[in-house]
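Scroll down for the structure; my scribbles are underneath it.
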Amino acid sequence: MSESRTINSVKNLSMNITGQVLLMGFRFISRTIFIHYLSVEYLGIDSLFSNVLSMLALADLGITSALNYSLYKPIRDQDQEQIKKLMQYFKKIYLIIATTVLLLGLALVPFLHLIVNLDKAVPNVHFYYILMLLSVVMSYLFVYRSALVIASQKEYLVTRVTIFTQLLRIGLQIIVLMVFQNFALYLVVPIVIELLDNLIVSRTAMKLYPYLNEKTSKLEKSERRAIFENIKSIFAYRFSDVVMNNTNSIFISILVGTIYVGYYTNYMMLVSSISMIVNMGFSSISASVGNKNVGHHLDEQEQIFQVMVFINQWVAGFCAICFLVLLTPFIQLWVGNQFVLSNLVIFAIVIQFYITTMMSTTAIYRDTTGIFKETKYIVLINSAFNVIFCLVLGHLFGIVGILLSASISRLLTSFWFEPKVLYEKYFGYSCQPHFYKLFKYILVTVVEGTIVWYCCQLLPANTILNFILKGIICVVFVNGISFVVYRHDPTMKFLLSYLRVIKTAISQKWLLLHHKDN
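Residue numbering for the sequence shown follows the numbering used here, beginning at 295 and increasing consecutively.
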C-alpha cells in the first residue's frame, strides 16, 4: 500500500496489456482449430449460450463494484479491522450469488428451444448449456478476495494468475479438440480452470494480507445499509451492462439465425479483445483514481479527468478506424470469405465500439466518485430503449438494426447525461466546455476515418502485404493527424508533462532496485 499510485498504475497497465495480447493470440489459434474440427452450428451455440449465461451476472447485483468502492477508504486509512469485516460480509454474499446463479440457470433449461434457431439439429444442447452454467458458477467461488488485491492497486498480481490459468485453459481445449473432437469435453475444461484460478488468487490475497485469517466482528447495521444503498444504485448499471452487451447475440439468434451468431462473434472476438485491452488500461488506473478522489482538490481531479478523456478519445478513434478498414480483410485472410459479413454490419460494429469506448473515463469516475447514485435511472431507460430498438430495427434491418440499437440508445441517454451529472454534481462546473471538446474529438475522428478509408480503397486486393500496408496507413494517418491537430492543446501539454513524471518515477524505481541488487 506504500507504493505510489503512479508505479502501481504502470504495473497494472503493463501486466494487463501484456496478458491480453498473449491471450488474444492463443484465442485466435483456439477459434481456428474450433472452426476446423467442429461445425459452425457449434460455434453459434457456444457464442449464444455464453451471452445467455452472461446475463445471469445480474445475480451479483453489482456487488463487485460496491465492494471495491467500500474498500477504497479503509485501504487508504490502513483500517485492517474494517477490511476484515468487509471481507467476511462479502464472502457470505458471494456464496448466495453462486447459488442464485445456479438455480436461475437451471430454471432457463426448459426454454432454450425458444432462442436456439438452427436449420441443422445439434444433439445434447441442454447438456452443453449445463456444463457452461457450471463454469459460470465456479467463477464466483473465492472471488471476493481478489477485490481487495485490485482495490489495493495490485491488480497486476491477479492478472498474472489469470494469464496463466487462461493459457492453460486454451491449451487444454486445443488438445481436446484435436484429439477427441468432442464439444462436451471442451466445455469441461473451463469448469476446472475457473476453480483453479480463484483458489490461486485467494491464496495470493491471504499471503499479502495474513490478517484476513484473524477473527473479527460483524459489520454494523448502518454499514450494511450503506453498502446496500450502493448496491441498489450499481445494480442499475449491472442490469444495463448485461442488457447492452449480451442481448445482441440473443436477438440475432432469434430474428436471423443461430449460425449468424457464430459469424458475428468471429468479428467480435477481435473487437472484444482490443476493447478488453483498452478497458484494462483504464481499469488499471481506476483504483488510483478512487484513492485520489479521497481528499484531493476538485480542480486537480477535473484536470486528470480531462487528460484521461483525451487519451480515451485518441485510443477509441484509432482503434475504431483500424476496425473499419481491417476487420473484413482480417476475417478473409483468417477463416475465408464464407464467414464475411457486409460493410454495413462492420460500420455498425465500429460505431458501437467507438461510443462505448468513449464512455470509459466517465464510467471510471462514475464508479469511484459515487455519482452512480445520481445517474442510476438513466441506464435503465437506456436498456429499455435498446430492447425496443432491437425488436423494431432487428425486424426491419436484420443484424445491422440490432447492432445499431445499442449505439442509438447510448447516444440518447448515458452518453450525455452521465458527464453532465459528473460536472454539475461533483466537479461543480458547467459541462459545456467538456461537450465542446467531445464534439471536436468526434469531428477529428470522422475526418481521419474518411481519409484513411479512401486511401485504403486504393489497395483492393486482399493479400497479407496489402493488409500490412493498410495497417501502416492507419497508424501513420490517424496518429499523425491527431498530433498535428492537438499539439498545442493544453490537455496534450499536461499529458506530456505527466508522462515525464511517470518516466522519472519508473527510472528511480529501477535505479533503487538495481542499487539493492548490487
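Note that beta-carbon positions come from the ideal geometry of N, C-alpha and C, so glycine has one too.
DSSP three-state label for Met295, please.
Locating residue 295 in the sequence shown gives position 1, counting from the first residue. With a pLDDT of 41 at Met295, under the threshold of 50, the predicted position of this residue should be treated as unreliable, though the coordinate-derived value follows. Correct three-state label for Met295: coil.
| said: Quick check: what's the CA-CA separation for Pro713 versus Arg497? | reply: Mapped onto the sequence shown, residue 713 falls at position 419. Mapped onto the sequence shown, residue 497 falls at position 203. For Pro713 and Arg497, the gap between their C-alpha atoms comes out near 39 Å.
Excluding the five sequence neighbours on either side, which residues of its own chain have a C-beta within less than 6 Å of the C-beta of Ser296, listed in chain order? As a working mapping, residue 296 is identified with position 2 in the sequence shown. Annotation note: pLDDT 42 at Ser296 (below 50); position unreliable, coordinate value reported separately. Excluding sequence positions up to five before and after Ser296, its CB lies less than 6 Å from no other CB in the same chain.
query: Whose CA, out of Asp371, Tyr422, Ser429 and Leu564, lies closest to the CA of Ile396?
result: For the purposes of this step, residue 396 is taken as the residue at position 102 of the sequence shown. Here residue 396 is Leu; the residue named in the question, Ile, does not match the sequence. When each option's Cα is compared against that of Leu396, the closest is Ser429.
- request: Could you check what DSSP says for Val473 in three-state terms: helix, strand or coil?
  value: The residue labelled residue 473 in the question sits at position 179 within the sequence shown. DSSP places Val473 in helix when its eight states are reduced to three.
Please list, in chain order, all residues of the same chain as Met562 whose beta carbon is under 8 Å from its beta carbon, the five residues on each side excluded. Here residue 562 corresponds to residue number 268 of the sequence shown, with the count starting at 1. Closer than 8 Å at Cβ, skipping near neighbours: Ile643.
Let me make sure I understand the geometry here. Which of Val483, Val537 and Leu790 has the alpha-carbon closest to that of Leu427?
Here residue 427 refers to the residue found at position 133 when the sequence shown is read from its first residue. If we check each option's Cα against that of Leu427, Val483 comes out closest.
Cα separation between Tyr363 and Asn524? By one-based count along the sequence shown, residue 363 stands at place 69. By one-based count along the sequence shown, residue 524 stands at place 230. Between Tyr363 and Asn524, the alpha-carbon positions lie close to 9 Å from each other.
Name the two residues that bound the continuous alpha helix (DSSP H) containing Leu717.
-> Residue mapping note: residue 717 aligns to position 423 of the sequence shown, counting from 1. In the sequence as presented, Leu is not what sits at residue 717; that position holds Tyr. From DSSP, Tyr717 is part of no alpha helix (DSSP H); its letter is neither H nor E.
**Prompt:** Using a Cβ-Cβ cut-off of 6 Å (strictly less than) and excluding sequence neighbours within five positions of Val495, which residues of its own chain qualify?
**Reply:** Residue mapping note: residue 495 aligns to position 201 of the sequence shown, counting from 1. Excluding its 5 nearest sequence neighbours in each direction, Val495 has C-beta neighbours in its own chain below 6 Å: Ser440, Val452 and Val455, listed in chain order.
TODO: Enumerate in chain order the residues of its own chain whose CB-to-CB distance from Phe709 is below 8 Å, with the five nearest sequence positions on each side excluded.
DONE: Your numbering for residue 709 matches position 415 in the sequence shown. Answer for Phe709: Ile649, Met652 and Met653, listed in chain order.
Between Gly338 and Gln597, what straight-line distance do the alpha-carbon atoms span, to the nearest angstrom?
Within the sequence shown, residue 338 is the residue found at index 44, counting from 1. Within the sequence shown, residue 597 is the residue found at index 303, counting from 1. The alpha-carbon of Gly338 is positioned some 45 Å away from that of Gln597.
Reference Met432; option with closest CA among Gly692, Val740, Asn542 and Leu347
Taking the sequence shown and counting its residues from 1, one reaches residue 432 at position 138. Met432 has its Cα closest to that of Leu347, out of Gly692, Val740, Asn542 and Leu347.
**Prompt:** What span of residues does the alpha helix (DSSP H) with Glu594 cover, start to end?
**Reply:** Taking the first residue of the sequence shown as 1, we reach residue 594 at position 300. Per DSSP, Glu594 belongs to the alpha helix (DSSP H) from Leu592 to Trp628.
| message | Three or more C-beta pairs under 8 Å: does that hold for the stretch 715 to 732 against the stretch 565 to 576? | response | The stretch 715 to 732, when compared against the stretch 565 to 576, does not touch it at the 8 Å Cβ threshold.
- Query: So, helix, strand or coil for Cys749, using DSSP?
  - Reply: Here residue 749 refers to the residue found at position 455 when the sequence shown is read from its first residue. Helix, per DSSP.
To the nearest angstrom, how far is it from the Cα of Arg618 to the Cα of Lys515? Position 324 of the sequence shown, counted from the start, is the residue given in the question as residue 618. Position 221 of the sequence shown, counted from the start, is the residue given in the question as residue 515. The residue you asked about is not Arg; residue 618 is Leu in the sequence shown. Going from the Cα of Leu618 to the Cα of Lys515 covers about 52 Å.
Just how far apart, CA to CA, sit Asn540 and Tyr671? Here the question's residue 540 lines up with position 246 in the sequence shown. Here the question's residue 671 lines up with position 377 in the sequence shown. Rounded to the nearest whole angstrom, the CA to CA distance from Asn540 to Tyr671 is 20 Å.
- prompt: Any idea what DSSP makes of Cys725, helix, strand or coil?
  reply: Here residue 725 refers to the residue found at position 431 when the sequence shown is read from its first residue. Three-state DSSP puts Cys725 in coil, outside helix and strand.
What does the alpha-carbon distance come out to for the pair Val609 and Ser547?
The residue given as residue 609 occupies position 315 in the sequence shown. The residue given as residue 547 occupies position 253 in the sequence shown. Cα to Cα, the separation comes out at about 32 Å.
| task | Look up Gly465 in the DSSP assignment and say whether it is helix, strand or coil. | result | The residue given as residue 465 occupies position 171 in the sequence shown. If DSSP states are grouped into helix, strand and coil, Gly465 belongs with the helices.
Contact check, Ile357 vs Ile311 under 8 Å by CB: the rounded distance? Counting from 1 along the sequence shown, the entry for residue 357 is found at position 63. Counting from 1 along the sequence shown, the entry for residue 311 is found at position 17. Contact flag wrong, Cβ pair sits at about 27 Å.
Excluding the 5 residues flanking Asn345 on each side, which residues of the same chain have their C-beta closer than 7 Å to its C-beta? Here the question's residue 345 lines up with position 51 in the sequence shown. Result list for Asn345: Asn540, Ser543 and Ile544, in chain order.
TODO: With DSSP as the reference, label Gln447 as helix, strand or coil.
DONE: As a working mapping, residue 447 is identified with position 153 in the sequence shown. Residue state, collapsed to three classes: coil.
* Secondary structure, alpha helix (DSSP H): runs of 4+ residues fully inside the stretch 358 to 435 -> DSSP runs (the alpha helix (DSSP H)) wholly in the stretch 358 to 435: 374 to 401 and 419 to 432.
Is the number of C-beta pairs between the stretch 741 to 753 and the stretch 688 to 696 that are closer than 8 Å three or more?
Not touching, per the Cβ criterion.
Stretch-stretch touch, CB-based, cutoff 8 Å, three pairs: the stretch 323 to 335 with the stretch 526 to 533:
These segments do not touch.
Whole angstroms are fine: how far does the CA of Tyr503 sit from the CA of Val738? Taking the first residue of the sequence shown as 1, we reach residue 738 at position 444. Taking the first residue of the sequence shown as 1, we reach residue 503 at position 209. Taking the straight line from one Cα to the other gives about 48 Å.
Practice task
Drop a sphere of 10 angstroms on the beta-carbon of Leu592, count the other beta-carbons inside from all chains shown, and report buried for 16 or more, exposed for fewer.
Solution key: Stepping through the sequence shown from its first residue, residue 592 is reached at position 298. Counting other Cβ atoms within 10 Å of its Cβ, Leu592 stays below 16 and is therefore classed as exposed.
Counting along the chain, where does the alpha helix (DSSP H) carrying Asp783 start and finish? What you label residue 783 is simply residue 489 of the sequence shown in a count that begins at 1. Judged by DSSP secondary structure, Asp783 falls outside any alpha helix (DSSP H); it is assigned neither H nor E.
(Q) Judging by CA-CA distance, which residue of Ser699, Val686 and Cys613 is the nearest neighbour of Asn676? (A) The count along the sequence shown starts at 1 and reaches residue 676 at position 382. Of Ser699, Val686 and Cys613, the residue nearest in Cα terms is Ser699.
- [ ] Would you grab the beta carbon distance between Cys768 and Ile615 for me? Rounded to a whole angstrom, and I think it's under 8 Å.
- [x] Taking the first residue of the sequence shown as position 1, residue 768 is located at position 474. Taking the first residue of the sequence shown as position 1, residue 615 is located at position 321. At roughly 6 Å, the Cβ-Cβ gap stays under 8 Å, so Cys768 and Ile615 are in contact.
**Asked** Quick one: Cα of Leu471 to Cα of Asp340, how far?
**Response** Your numbering for residue 471 matches position 177 in the sequence shown. Your numbering for residue 340 matches position 46 in the sequence shown. If you take the alpha carbons of Leu471 and Asp340, they lie about 14 Å apart.
Alpha carbon of Lys526 to alpha carbon of Val639, nearest angstrom: The residue given as residue 526 occupies position 232 in the sequence shown. The residue given as residue 639 occupies position 345 in the sequence shown. Straight-line spacing of the CA atoms in Lys526 and Val639 works out to 36 Å.
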